[in-house]
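Novice: Heads up: the sequence shown at position 161 corresponds to 162 in my numbering, and the numbers run straight through without jumps.
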Amino acid sequence: MIEQGASGRVAASCRAMMLGASLATIAMVTPASAQEAPPAAEPAPADTAISPQGEIIVTGSRIQRRDAASVGPLLTITSDDIAKSGSASLGDLLQKLPSAGVSLNSNGTQGTSYGASSINLRYLGGAEGSGNRVLVLVDGHRWVDAVGQRGFRDFVDLNTIPMGMIDGIEVLKDGASAIYGADAIAGVVNIKTIQPFDGIRAATRAGVTDKGDGAEYSATLNVGKRFGRASIILSGSYYQSTSIRTDDRPLTTTSLVPVTTPGTSPAGLYILPGLANNAYFGTAPGFAGTSAPVALNGAGTIYGTGASADNAFHTAALPGDYYNTQAQGIYSAGPSKRYGFYGRFDYELSDSVKFRVEGLYNDRKSDQLFSPVLLDIGGTAGTVRGFYIPNNQAFNPFGTANGVPTANALAFAANSAFRIRKVMSDVGNRDNVQDVETWRVAGGFDGSFGLFGNRWHWDTFASYSKNRIETSALNGINYDNLYLALGNPATCAATAGCVPVNLFGPMTADQANYIRFTARESNYTELFDATANATGTLFNLPAGEVALAVGYEYRRNRGVDNPDPVANALPTYLNGALYTKTTVQTRTPTSGSYDLHEIYGELSVPILKDSPLGQSFDISLAGRYSRYSTVGGKATFKAGAGYRPIEGVLLRGTYAQGFRAPSILELYQGARQTSFQGTDPCNGGASANSGKPGCAGVPTGYNQANYNLNGLIPGVISGNRDLRPETSDSISAGIALTPLRGLSVTVDYYSIKIKNAIAAQTPTQILQLCALRGGVFCDLVQRDASTGAVLNLLQGAQNLNSIKTDGIDATVRYDFRTGIGKIAAVTDVSYLGSFRTVAPDPATGGTIIDNRAGKGDTPRATYPRWKGQASLSWDGEGANAVLRARYIGQTTDVVNPVKDAKTKAVTYFDAEVGFDVSEGKARFGLGVNNLFDTQPPASYANAPINYDIYTYDARGRFLYARFSVKL
Numbered sequence: 002m003i004e005q006g007a008s009g010r011v012a013a014s015c016r017a018m019m020l021g022a023s024l025a026t027i028a029m030v031t032p033a034s035a036q037e038a039p040p041a042a043e044p045a046p047a048d049t050a051i052s053p054q055g056e057i058i059v060t061g062s063r064i065q066r067r068d069a070a071s072v073g074p075l076l077t078i079t080s081d082d083i084a085k086s087g088s089a090s091l092g093d094l095l096q097k098l099p100s101a102g103v104s105l106n107s108n109g110t111q112g113t114s115y116g117a118s119s120i121n122l123r124y125l126g127g128a129e130g131s132g133n134r135v136l137v138l139v140d141g142h143r144w145v146d147a148v149g150q151r152g153f154r155d156f157v158d159l160n161t162i163p164m165g166m167i168d169g170i171e172v173l174k175d176g177a178s179a180i181y182g183a184d185a186i187a188g189v190v191n192i193k194t195i196q197p198f199d200g201i202r203a204a205t206r207a208g209v210t211d212k213g214d215g216a217e218y219s220a221t222l223n224v225g226k227r228f229g230r231a232s233i234i235l236s237g238s239y240y241q242s243t244s245i246r247t248d249d250r251p252l253t254t255t256s257l258v259p260v261t262t263p264g265t266s267p268a269g270l271y272i273l274p275g276l277a278n279n280a281y282f283g284t285a286p287g288f289a290g291t292s293a294p295v296a297l298n299g300a301g302t303i304y305g306t307g308a309s310a311d312n313a314f315h316t317a318a319l320p321g322d323y324y325n326t327q328a329q330g331i332y333s334a335g336p337s338k339r340y341g342f343y344g345r346f347d348y349e350l351s352d353s354v355k356f357r358v359e360g361l362y363n364d365r366k367s368d369q370l371f372s373p374v375l376l377d378i379g380g381t382a383g384t385v386r387g388f389y390i391p392n393n394q395a396f397n398p399f400g401t402a403n404g405v406p407t408a409n410a411l412a413f414a415a416n417s418a419f420r421i422r423k424v425m426s427d428v429g430n431r432d433n434v435q436d437v438e439t440w441r442v443a444g445g446f447d448g449s450f451g452l453f454g455n456r457w458h459w460d461t462f463a464s465y466s467k468n469r470i471e472t473s474a475l476n477g478i479n480y481d482n483l484y485l486a487l488g489n490p491a492t493c494a495a496t497a498g499c500v501p502v503n504l505f506g507p508m509t510a511d512q513a514n515y516i517r518f519t520a521r522e523s524n525y526t527e528l529f530d531a532t533a534n535a536t537g538t539l540f541n542l543p544a545g546e547v548a549l550a551v552g553y554e555y556r557r558n559r560g561v562d563n564p565d566p567v568a569n570a571l572p573t574y575l576n577g578a579l580y581t582k583t584t585v586q587t588r589t590p591t592s593g594s595y596d597l598h599e600i601y602g603e604l605s606v607p608i609l610k611d612s613p614l615g616q617s618f619d620i621s622l623a624g625r626y627s628r629y630s631t632v633g634g635k636a637t638f639k640a641g642a643g644y645r646p647i648e649g650v651l652l653r654g655t656y657a658q659g660f661r662a663p664s665i666l667e668l669y670q671g672a673r674q675t676s677f678q679g680t681d682p683c684n685g686g687a688s689a690n691s692g693k694p695g696c697a698g699v700p701t702g703y704n705q706a707n708y709n710l711n712g713l714i715p716g717v718i719s720g721n722r723d724l725r726p727e728t729s730d731s732i733s734a735g736i737a738l739t740p741l742r743g744l745s746v747t748v749d750y751y752s753i754k755i756k757n758a759i760a761a762q763t764p765t766q767i768l769q770l771c772a773l774r775g776g777v778f779c780d781l782v783q784r785d786a787s788t789g790a791v792l793n794l795l796q797g798a799q800n801l802n803s804i805k806t807d808g809i810d811a812t813v814r815y816d817f818r819t820g821i822g823k824i825a826a827v828t829d830v831s832y833l834g835s836f837r838t839v840a841p842d843p844a845t846g847g848t849i850i851d852n853r854a855g856k857g858d859t860p861r862a863t864y865p866r867w868k869g870q871a872s873l874s875w876d877g878e879g880a881n882a883v884l885r886a887r888y889i890g891q892t893t894d895v896v897n898p899v900k901d902a903k904t905k906a907v908t909y910f911d912a913e914v915g916f917d918v919s920e921g922k923a924r925f926g927l928g929v930n931n932l933f934d935t936q937p938p939a940s941y942a943n944a945p946i947n948y949d950i951y952t953y954d955a956r957g958r959f960l961y962a963r964f965s966v967k968l
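Written out as structure tokens, the structure reads:
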């Protein structure tokens with residue numbers, strides 16, 4: 002279901018995008034003991050859940066079994082691993098895994114996270130940093146989708162899950178749609194909550210960078226009590242971080258893109274027809290003309306009266322008029338604060354039936370500080386056109402109000418090419434603020450019964466959860482009010498509250514307040530989920546028990562987006578088909594929902610055990626049928642096998658079909674304006690790009706940095722109600738070796754192919770296709786014919802032909818005991834063999850292939866072929882120490898004039914020491930993350946922040962202390 006409205010330019014852009022999209026498609030830090038699932042001969046990991054019957058539940062299977070070995074690649078992270086990881090958040094922990102791709106992990110100003118955090122395995126997220134092809138579960142159950150500053154989202158925000166409730170994590174790195182349902186194409190992350198206990202567990206952590214910024218403080222408190230047949234758990238979590246500014250790190254202080262002409266600054270940049278060669282003012286030919294704009298002599302300059310007014314201005318030139326917006330107090334990482342509460346009550350109704358109810362509340366506050374509005378208005382020039390300044394406006398330096406005779410006074414008409422560009426420092430830095438609340442209530446029953454002479458386990462579970470965000474976008478500009486304030490003084494005087502505004506000098510507080518605009522918006526997502534499962538033994542074969550799991554799930558997802566009604570209204574005075582009422586980016590109000598019914602079955606069959614043909618051979622089979630209210634029904638299947646020819650050797654492999662229906666966001670997202678980060682391949686104009694047909698007509702000397710927001714690309718994003726479901730085929734094959742006690746080696750190959758993949762081209766890809774091929778590929782790019790600047794770029798979700806990726810994961814782990822304690826070493830490596838998108842080519846009828854492996858030439862999309870992590874730890878009597886390393890391999894960069902077209906490899910090192918206190922009841926630790934203060938490799942493609950914020954960490958050396966206690 003959908004209800005949405007549309008108006009003006011956004012609606013027109015949405016319609017054009019749907020047509021154009023059919024034409025122009027494209028073209029953890031290693032924990033001390035985190036490990037792959039061990040072979041059966043080894044004991045189960047400490048965090049594996051064990052039922053009263055002694056069976057073990059492992060992510061990747063619904064069947065309870067005593068054998069914890071997985072036929073698929075499974076990574077287990079225990080509570081002790083989390084404590085020693087050096088990470089204060091769930092996202093920070095998971096995103097350091099070598100198998101993790103580009104994920105939302107920054108609260109800065111150069112991305113789209115807006116305080117959210119995601120996990121994107123295998124780089125398969127459907128949009129920038131999205132984790133919508135990874136299924137995030139909590140105790141095997143689904144979690145509500147995220148919300149955001151500019152509309153709801155279609156992945157789980159890890160910052161809505163309080164750290165205090167987490168006891169361990171399992172990461173299944175292959176497809177599992179047949180077992181868990183849609184979205185599990187790239188893998189499954191199952192977060193395991195704390196189980197009933199007696200006592201008090203508390204932990205706190207505080208840290209700060211060696212520059213004195215980016216401070217973090219976190220604390221958790223868990224209280225548990227078991228009494229009779231009942232138990233209760235209460236958990237509280239708190240986290241706070243402070244900001245890091247772009248001008249506090251050399252890499253992020255200045256954009257890598259060279260400045261070739263004077264840009265926007267608080268001193269303004271003015272093109273004023275009639276001022277050149279003016280006898281009254283005594284100006285030179287060309288003064289304040291199109292090719293020689295003028296600027297105030299200083300941001301606080303007050304112009305003189307009469308004929309001396311022009312003396313306050315000079316022809317803008319470099320280096321004197323260079324202005325760096327990156328150094329204006331904006332955030333590289335913004336502040337964030339969150340707190341959460343979790344409670345759980347368990348009760349044994351009888352010896353065979355238990356009841357469980359739980360509740361959660363989490364609140365997150367975050368904000369991102371941007372530079373002030375970069376105003377660009379004019380008559381027939383500028384980004385926003387149709388303004389005028391009469392010769393009697395109160396703050397026209399060249400008008401009658403400033404003592405200029407009427408015969409000599411200048412007016413700047415709406416049909417003249419005047420243009421004013423100015424950094425609106427008097428209005429203040431733009432600030433996006435989020436307040437996200439998460440509620441969840443859940444309950445269920447579980448028990449056992451006899452069937453076929455065996456004990457079977459059953460459970461039912463239902464949950465309702467909601468994410469809601471209230472957002473503010475402070476210090477924008479109201480164009481309607483600015484129009485009145487610059488226009489006819491009589492009209493302004495007759496309009497309640499109107500205050501004439503000075504764009505030729507410092508503003509007063511009243512002037513800034515009159516044109517200032519703050520947008521206030523909200524959106525929310527809801528999830529209702531109900532499941533029923535049963536598992537047990539059907540019968541026995543010579544090699545063991547044949548086990549079956551069956552179940553049913555009903556789910557309903559809903560998303561509602563309520564943008565600011567003022568910002569989305571048509572302007573009163575400007576052309577509503579071209580311009581908006583304010584500087585706030587508009588979007589269409591949206592409401593969408595879907596529901597589905599699913600049934601599944603899973604079978605585990607032992608074929609061999611202690612046979613001359615091998616020690617064991619087991620197969621697992623699973624099937625699931627899902628029926629969506631939006632796209633109909635689909636069945637998926639999965640098969641896996643594990644073969645142990647001899648002790649210490651496990652050969653394993655899986656084949657899985659995947660299915661993902663379009664999300665509410667992908668289907669129903671209302672058209673919204675945005676500013677894309679990307680590089681325009683037509684910089685320099687047509688003459689400098691003679692081999693690019695799509696650059697024809699772009700004026701010589703064109704530089705995107707001189708337009709819009711310092712070169713950001715204005716555009717529109719929208720959902721697509723014509724999307725079809727995507728399907729996938731996943732293969733994994735590997736070997737697990739345990740040749741020595743304490744030594745394990747795993748090597749796994751994976752291959753995933755997604756058909757009818759739902760994705761959107763990046764802005765850089767759209768621009769490159771337009772430039773290199775021209776014709777229909779330019780239907781998504783609208784340029785200003787006179788300046789060459791991009792006026793609008795259309796981006797929307799679409800079904801590509803396919804996405805295919807493959808690679809290898811390898812882990813080596815060795816631990817042993819010595820006279821001074823236990824020593825453990827872990828190395829975890831991931832190799833990305835290929836990541837290829839295939840899309841139709843409308844020009845030739847063929848296909849366009851883009852292989853991203855090893856590339857980093859688009860913003861916030863780095864695909865290194867090699868990633869790895871390693872740790873070396875020592876646990877002694879009352880003390881421990883760990884050294885960690887994380888490696889991110891080299892990638893390409895765009896060809897550019899300031900550096901080579903490569904993004905260098907980087908290695909981060911961390912270290913921590915810990916001590917037991919009070920006979921092991923408490924523990925104290927000191928640590929350093931990024932021991933050698935390694936900065937991210939410079940990336941021209943990611944200018945102006947100059948590095949991929951979703952892959953690297955710019956905070957530098959970080960010192961912390963932690964303390965925990967168990968009573």
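Cβ coordinates follow ideal geometry from the N, Cα and C atoms, glycine included.
Please identify the residue among LEU960, GLY130, ASN416 whose C-alpha is closest to the C-alpha of THR113.
Specialist: Against the sequence shown, residue 113 aligns to sequence position 112. The residue with the shortest Cα to Cα distance from THR113 is GLY130.
Novice: For ILE303 and chain D, any beta-carbon pair shorter than 9 Å?
Specialist: Absent from the structure is chain D; it holds one protein chain and no more.
Novice: Check for me: the alpha helix (DSSP H) holding ILE162 runs from which residue to which?
Specialist: Within the sequence shown, numbered from 1, the residue matching residue 162 stands at position 161. Careful: ILE162 lies outside any alpha helix (DSSP H) and carries neither H nor E.
Novice: Does ALA1 come out as helix, strand or coil in the three-state DSSP assignment?
Specialist: Outside the displayed range of the chain (2 to 968) lies residue 1, so it cannot be described from this structure.
Novice: Between which residues of its own chain and GLY132 is the CB-CB distance below 6 Å, once the five residues before and five after are set aside?
Specialist: One-based indexing of the sequence shown puts residue 132 at position 131. Excluding positions up to five away in sequence, the list reads SER119, ILE120, ASN121, GLY126, PHE156.
Novice: What I want to know is whether the C-beta of GLY702 ends up closer than 8 Å to one or more non-hydrogen atoms of the ligand MG.
Specialist: The model depicted lacks the ligand MG and carries no ligand whatsoever.
Novice: Nearest by alpha-carbon distance to ASP511: which of CYS499, GLY287, ASP619, SER473 is it?
Specialist: Here residue 511 refers to the residue found at position 510 when the sequence shown is read from its first residue. Ranking CYS499, GLY287, ASP619, SER473 by Cα distance to ASP511 puts CYS499 first.
Novice: What residue does the alpha helix (DSSP H) around GLY92 start on, and which one ends it?
Specialist: By 1-based counting over the sequence shown, the position of residue 92 is 91. From DSSP, the alpha helix (DSSP H) with GLY92 extends over 91–95.
Novice: Should ASN160 and VAL437 be called a contact, given that it needs their Cβ atoms to be closer than 9 Å?
Specialist: Translated into positions along the sequence shown, residue 160 becomes position 159. Translated into positions along the sequence shown, residue 437 becomes position 436. Cβ distance < 9 Å, so ASN160 and VAL437 count as in contact.
Novice: Thinking just about the alpha-carbon of each residue, which of TRP144, TYR580, LEU666 is nearest to the one in TYR595?
Specialist: Looking up residue 595 in the sequence shown gives position 594. Answer by Cα proximity: LEU666.
Novice: Who are the near neighbours of ASP884 in its chain, counting only those whose CB is closer than 8 Å to its CB and skipping five residues on each side?
Specialist: Numbered from 1 along the sequence shown, position 883 holds the residue referred to as residue 884. Going by the sequence as given, residue 884 is Leu instead of Asp. The answer, listed in chain order, is SER872, LEU873, SER874, PHE910, ASP911, ALA912.
Novice: My output table needs one value for VAL777: the three-state DSSP class, helix, strand or coil.
Specialist: Reading the sequence shown from its first residue, position 776 is the one you call residue 777. The answer is helix: DSSP assigns VAL777 an H, G or I state.
Novice: Do you know how far the Cα of GLY822 is from the Cα of ARG963?
Specialist: Mapped onto the sequence shown, residue 963 falls at position 962. Mapped onto the sequence shown, residue 822 falls at position 821. Their Cα atoms are separated by approximately 22 Å.
Novice: Buried or exposed: which applies to PRO938, given that a residue is buried once 16 or more other Cβ atoms fall within 10 Å of its Cβ?
Specialist: Taking the sequence shown and counting its residues from 1, one reaches residue 938 at position 937. Buried, because 16 or more other Cβ atoms sit within 10 Å of the Cβ of PRO938.
Novice: Does the contact criterion of 3 or more C-beta pairs under 8 Å hold for the stretch 446–454 versus the stretch 290–297?
Specialist: Not touching, per the Cβ criterion.
Novice: For the alpha helix (DSSP H) containing ARG82, list its first residue and its last residue.
Specialist: Here residue 82 is taken as the residue at index 81 of the sequence shown, counted from 1. One point to set straight first is that residue 82 is Asp, not Arg, in the sequence displayed. It spans 80–84 - the alpha helix (DSSP H) in which ASP82 sits, taken as one unbroken run.
Novice: Determine the direct distance from the alpha carbon of GLY577 to that of ARG422, and round the result to whole angstroms.
Specialist: Position 421 of the sequence shown, counted from the start, is the residue given in the question as residue 422. Position 576 of the sequence shown, counted from the start, is the residue given in the question as residue 577. About 21 Å.
Novice: How should THR952 be labelled, buried or exposed, when 16 other C-beta atoms within 10 angstroms of its C-beta is the threshold for buried?
Specialist: Along the sequence shown, one-based indexing puts residue 952 at 951. Counting Cβ neighbours within 10 Å, THR952 comes out buried, since at least 16 surround it.
Novice: I need the boundaries of the beta strand (DSSP E) containing LEU235, first residue and last residue.
Specialist: Residue 235 sits at position 234 when you count from the first residue of the sequence shown. Here the beta strand (DSSP E) through LEU235 covers 231–242.
Novice: Which word fits GLY915, buried or exposed, when buried means at least 16 other C-beta atoms lie within 10 angstroms of its C-beta?
Specialist: As a working mapping, residue 915 is identified with position 914 in the sequence shown. Looking at its Cβ environment, which holds 16 or more other Cβ atoms inside 10 Å, GLY915 is buried.
Novice: For LEU375, report the span of its beta strand (DSSP E) as first-last.
Specialist: If you number the sequence shown from 1, residue 375 lands on position 374. Counting along the chain, the beta strand (DSSP E) containing LEU375 begins and ends at 375–379.
Novice: Let me check one thing: in DSSP terms, what residues is GLU349 bridge-paired to?
Specialist: For the purposes of this step, residue 349 is taken as the residue at position 348 of the sequence shown. Per DSSP, LYS355.
Novice: Looking at the structure shown, is LEU297 part of a helix, part of a strand, or coil, going by DSSP?
Specialist: Residue 297 sits at position 296 when you count from the first residue of the sequence shown. In the structure shown, LEU297 sits in a strand (DSSP, three-state: E or B).
Novice: Given a cut-off of 9 Å on the beta-carbon distance, is the pair LEU768 and GLY679 in contact?
Specialist: Walking along the sequence shown from the start, residue 768 turns up at place 767. Walking along the sequence shown from the start, residue 679 turns up at place 678. The answer is yes: Cβ separation under 9 Å.
Novice: What is the DSSP secondary structure of GLU667, counted as helix, strand or coil?
Specialist: Counting from 1 along the sequence shown, the entry for residue 667 is found at position 666. It is helical.
Novice: Report the residue from GLY454, GLN870, ASP876 whose alpha carbon sits nearest the alpha carbon of ASP816.
Specialist: Here residue 816 refers to the residue found at position 815 of the sequence shown. Nearest option by C-alpha distance: ASP876.
Novice: Taking the alpha-carbon of PHE288 as reference, which of ASN489, SER592, TYR629, PHE419 has the nearest alpha-carbon?
Specialist: On the sequence shown, residue 288 is found 287 positions in, with the first residue counted as 1. Among ASN489, SER592, TYR629, PHE419, the Cα nearest to that of PHE288 is on PHE419.
Novice: Give the DSSP bridge partners of GLY169, in chain order.
Specialist: Along the sequence shown, read from residue 1 onward, the residue named residue 169 stands at position 168. Beta-bridge pairing links GLY169 to LYS193.
Novice: With ASN947 and THR253 assumed to form a contact (beta carbons below 8 Å), what rounded beta-carbon distance in angstroms separates them?
Specialist: Locating residue 947 in the sequence shown gives position 946, counting from the first residue. Locating residue 253 in the sequence shown gives position 252, counting from the first residue. Rounded, the Cβ-Cβ distance is 6 Å, consistent with contact.
Novice: Hey, quick one: how far does the beta strand (DSSP E) through GLN936 stretch, first residue to last?
Specialist: Translated into the one-based positions of the sequence shown, residue 936 becomes position 935. No beta strand (DSSP E) holds GLN936; DSSP gives it neither H nor E.
Novice: Along the chain, where does the beta strand (DSSP E) containing LEU452 start, and where does it finish?
Specialist: By one-based count along the sequence shown, residue 452 stands at place 451. Unbroken beta strand (DSSP E) run through LEU452: 432–452.
Novice: I need the boundaries of the alpha helix (DSSP H) containing THR253, first residue and last residue.
Specialist: The residue labelled residue 253 in the question sits at position 252 within the sequence shown. Segment 251–254, the alpha helix (DSSP H) holding THR253.
Novice: Measuring only the C-alpha atoms, how far is ARG866 from THR848?
Specialist: Here residue 866 corresponds to residue number 865 of the sequence shown, with the count starting at 1. Here residue 848 corresponds to residue number 847 of the sequence shown, with the count starting at 1. Answer to the nearest angstrom: the Cα atoms are 24 Å apart.
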